[in-house]
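Peer 1: Note that this note's numbering gives residue 107 to position 98 of the sequence shown, counting from 1, and the numbers run on in steps of one.
Quick reminder that beta carbons are idealized off the backbone N, C-alpha and C, glycines included.
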Amino acid sequence: ASLCSYLRRNEEVIKSLRRALELQPSNFSIYRRLVRSLDALQRPEEALQVLKKMEKVDNAGQAVAYCDYGTLYLVWGLPDKATEYFVKAQELGYSDDPALMLSLGRAFAVLGDQAKAKQQIEKITRYSSKYLEAQFLLAGLQKTTEQKLLVLSRLKKTYPDYSGIDYAEMNV
10 ASLCSYLRRN EEVIKSLRRA LELQPSNFSI YRRLVRSLDA LQRPEEALQV
60 LKKMEKVDNA GQAVAYCDYG TLYLVWGLPD KATEYFVKAQ ELGYSDDPAL
110 MLSLGRAFAV LGDQAKAKQQ IEKITRYSSK YLEAQFLLAG LQKTTEQKLL
160 VLSRLKKTYP DYSGIDYAEM NV
């Protein structure tokens with residue numbers, strides 16, 4: 010599938026990934042790659058069908074599928090549906106997942122619910138790989154320039170050598 014993708018043989022990629030799923034029906038990374046490939050080819054109904062199959066694998070498959078539904082719906086400009094699926098994933102016991110908190114925070118931000126967006130983002134600990142990204146989003150959610158700069162200055166204390174913070178400060 011990787012070689013076909015590199016050579017831009019999209020139909021062969023889809024065919025290879027479907028065959029791989031037949032051989033490894035519990036491999037979530039194959040489902041996810043197939044969903045992304047179908048979405049890239051603007052075949053949303055097929056992508057959603059693949060997620061429905063992943064939901065049925067087990068509880069973890071259901072949670073991963075819910076996260077991927079949410080991601081697709083957010084990209085497709087349907088933040089209400091995205092939020093619905095991100096919340097479902099949290100209800101399955103994944104409420105402490107930083108990537109899920111960040112995605113749900115983004116969805117709430119798009120919906121204009123700043124309070125809920127901030128609530129999700131502020132839960133992400135500074136030891137998470139999603140912390141930096143979350144703090145940039147949090148800065149963007151602040152109402153005043155002073156508040157935005159305060160978030161960025163705190164972030165600069167944690168990551169003093171990260172030049173992206175200086176750039177963000179200049180653009181406030």
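Who are the near neighbours of Ile174 in its chain, counting only those whose CB is closer than 8 Å to its CB and skipping five residues on each side?
Peer 2: Result list for Ile174: Leu161, Leu164, Lys165 and Tyr168, in chain order.
Peer 1: Excluding five sequence neighbours on each side, which residues of the same chain lie with their C-beta closer than 7 Å to the C-beta of Gln151?
Peer 2: So the qualifying residues of the chain are Lys157 and Val160.
Peer 1: So what's Ser162 in DSSP terms, helix, strand or just coil?
Peer 2: The answer is helix: DSSP assigns Ser162 an H, G or I state.
Peer 1: I need the DSSP call for Asn68, collapsed to helix, strand or coil.
Peer 2: Reduced to three states, the DSSP call for Asn68 is helix.
Peer 1: Straight-line CA distance for Glu64 to Asp89?
Peer 2: Looking at the two C-alpha atoms, the distance is approximately 20 Å.
Peer 1: Please give me, in chain order, every unbroken run of the alpha helix (DSSP H) with length at least 4 that falls completely inside the stretch 22 to 95.
Peer 2: As far as the stretch 22 to 95 is concerned, its whole alpha helix (DSSP H) runs of at least 4 residues are 37 to 49, 53 to 64 and 68 to 84.
Peer 1: How would you label Gly114, buried or exposed, when you count the other beta carbons within 10 angstroms and need 16 or more for buried?
Peer 2: So Gly114 ends up on the buried side.
Peer 1: Tyr136 by DSSP, collapsed to three states: which one?
Peer 2: Reduced to three states, the DSSP call for Tyr136 is coil.
Peer 1: Give a yes or no on whether the C-beta atoms belonging to Leu57 and Ile23 are separated by under 8 Å.
Peer 2: Contact: no.
Peer 1: Contact check, Tyr78 vs Leu60 under 8 Å by CB: the rounded distance?
Peer 2: Correct: roughly 6 Å between the Cβ atoms.
Peer 1: Please go through the same chain and pick out, in chain order, the residues whose beta-carbon is closer than 6 Å to the beta-carbon of Lys7, but skip the five residues on each side of it.
Peer 2: Lying before the first or after the last residue shown, residue 7 is absent from the chain, which here runs from 10 to 181.
Peer 1: Taking 8 Å as the threshold (C-beta atoms), are Ala118 and Leu146 in contact?
Peer 2: In this structure, Ala118 lies closer than 8 Å to Leu146 by Cβ.
Peer 1: Around the Cβ of Tyr40, are there at least 16 other Cβ atoms within 10 angstroms (buried) or fewer (exposed)?
Peer 2: Classification of Tyr40: buried, given that the 10 Å Cβ count is 16 or more.
Peer 1: In three-state DSSP terms, what is Gly121?
Peer 2: In this structure, Gly121 counts as coil in the three-state DSSP scheme.
Peer 1: Check Thr153 in the structure and name its three-state DSSP category.
Peer 2: Reduced to three states, the DSSP call for Thr153 is coil.
Peer 1: Buried or exposed for Arg42, please, with buried defined as at least 16 other CB atoms from any protein chain shown within 10 angstroms of its CB.
Peer 2: Arg42 comes out buried.
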